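Using my numbering, the first residue of the sequence shown is number 2, and each one after it goes up by one. Note that CB positions come from ideal geometry on N, CA and C, so glycine has one too. Note that the structure is predicted; figures quoted are calculated from it, not measured.
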Amino acid sequence: MTSNTVVFITGCTGNGIGYHLSKTFHAAGCRVFVSGRNAAKMNHIGEGVEFVQLDVTSPESVQNAIQQVEAKAGKIDILVNNAGQGCVGPLAEVQLDRVKSTFDTNVFGLLSVTQAASVGMIQRRSGLIVNISSIVSHVPTPWAGVYCATKACVTSMSDVLRMELAGFNIKIMCVFPGAIRSSIGDANAAAFRPKEKSAYKNVVDQILARASWSQCPQSTPAEELAGEIVANALRSEPPASLSAGYRSYRAWWSYYLPRSARDYLWGSQFGIDKVGKV
C-alpha cells in the first residue's frame, strides 16, 4: 500500500510525531494531508504535503476537513489520529476545565474524526485507522491521571473498533509510544496550574518532572518513531498494536508486576513518598 495511497493525519503543528509522519508517508510515495487548528503554525510542512484546517473538538470542523480531503483526493486510505494534549496535576485538585479539554481532544475528538472518515472507508470496504495511544494507557503514573485515562480510552476504543470494522475490511493499528522527543513536556509544564493552597505544594517539583518525563536524554527521536509507524502501516497486514520508543517495553514489563510493586516503582520515581509530609 503506497502507490495512490491517501493519508490524513491530525495534529501536525510543531516538530512532533505528526510532522515527521507526514514527511515519512510522503517520502514513501503517499499523498499526504495534514491538519491543525492554526494555519499560521503550519509553514514548516514539507513541499507536496497538503494542509487542511481542523479543530478536532468541533464537529463542524471535522466534517468540513474530511469533506475537503475526499473532494480533493477522492478517498482516505489511512487515517492517523495523532492530535492530542497532555495534562498533569494531582487528580484530587486538577481543574475540571483542563480535564474536559483533554478528553475533548484526546477522546471525543479522536472518535469524531474516526466516525467521519469511516463513512467512506465502509463504502469502499477498505481502510486503515492508526490511533496514537501511549504506554501509560496500561501503566498509569502519578501526576498524569487525566492523560493516562484518555489514552486508556483510546486503547479500549481501538480494540472495539478493530472488531466492529473488521467486516468492512477496515484495519485498526493502535500505537503505544514510549518516551518520544517533542515539545509536549514544555506544553505540559506551561499548562500546569497548582491551587493556591494546594495539599501537594511540597511535590510541585516532582509534578513538573512528570510533565517532562518523556523528554529525557534517551528519548527516542520523533522521526524514528514515525519511521516505525509508517513501515508497519504500509504493510499488507498492519499489526493490531505497535509499541515503540524508549521505555515502551519497560512499561509493558511493569504492567505484569503485582500492583503493590507497581505502585512502589512509579510512586518512588515521582515523589509519592513525600505526599502528606510537612
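Own chain, CB closer than 8 Å to residue i, minus 5 neighbours either side, in chain order
| i | result |
| --- | --- |
| residue 195 | 90, 94, 201, 202, 205, 208 |
| residue 227 | 18, 21, 22, 24, 25 |
| residue 275 | 203, 204, 207 |
| residue 74 | 7, 32, 34 |
Residue nearest to residue i in terms of C-alpha spacing, selected from the options
| i | options | result |
| --- | --- | --- |
| residue 1 | 100, 188, 80, 101 | Outside the displayed span of the chain (2 to 279) sits residue 1, for which this structure offers no information. |
| residue 128 | 135, 134, 136, 119 | 119 |
| residue 246 | 189, 110, 85, 177 | 177 |
| residue 193 | 84, 68, 96 | 96 |
| residue 139 | 262, 257, 15 | 257 |
| residue 169 | 225, 144, 242, 126 | 126 |
| residue 181 | 197, 235, 244 | 244 |
| residue 146 | 225, 99, 219, 262 | 99 |
| residue 82 | 159, 237, 225, 219 | 159 |
Three-state class that DSSP yields for residue i in the structure shown
| i | result |
| --- | --- |
| residue 194 | coil |
| residue 10 | strand |
| residue 222 | strand |
| residue 17 | coil |
| residue 172 | strand |
| residue 82 | strand |
| residue 180 | strand |
| residue 203 | helix |
| residue 107 | helix |
| residue 1 | There is simply no residue 1 to check, as the chain begins at 2 and stops at 279 in what is shown. |
| residue 238 | coil |
Distance between beta carbons of residue j and residue i, contact taken as under 8 Å
| i | j | result |
| --- | --- | --- |
| residue 142 | residue 267 | 5 Å |
| residue 49 | residue 27 | 6 Å |
Neighbourhood of residue i by C-beta distance below 7 Å, restricted to the same chain and skipping five residues each side
| i | result |
| --- | --- |
| residue 282 | The requested residue 282 is not part of the displayed model; the chain covers only 2 to 279. |
| residue 239 | 129, 172, 174, 233 |
| residue 104 | 151 |
| residue 121 | 71, 76, 77 |
| residue 231 | 22, 25, 26, 29 |
| residue 199 | 94 |
Alpha carbon of residue i to alpha carbon of residue j, nearest angstrom
| i | j | result |
| --- | --- | --- |
| residue 54 | residue 12 | 10 Å |
| residue 269 | residue 221 | 24 Å |
| residue 117 | residue 76 | 12 Å |
| residue 106 | residue 277 | 33 Å |
| residue 40 | residue 273 | 41 Å |
| residue 132 | residue 179 | 14 Å |
| residue 260 | residue 72 | 51 Å |
| residue 66 | residue 249 | 33 Å |
| residue 108 | residue 166 | 18 Å |
| residue 155 | residue 84 | 12 Å |
| residue 124 | residue 210 | 47 Å |
| residue 43 | residue 264 | 41 Å |
| residue 102 | residue 110 | 10 Å |
| residue 237 | residue 29 | 15 Å |
| residue 36 | residue 197 | 37 Å |
Cβ neighbours of residue i in the same chain (closer than 6 Å, five flanking residues each side left out)
| i | result |
| --- | --- |
| residue 6 | 31, 78 |
| residue 34 | 9, 51, 53, 70 |
| residue 214 | none |
| residue 148 | 87, 88 |
| residue 162 | 173 |
| residue 136 | 177, 179, 249, 252 |
| residue 189 | 87, 89, 212 |
| residue 219 | 247 |
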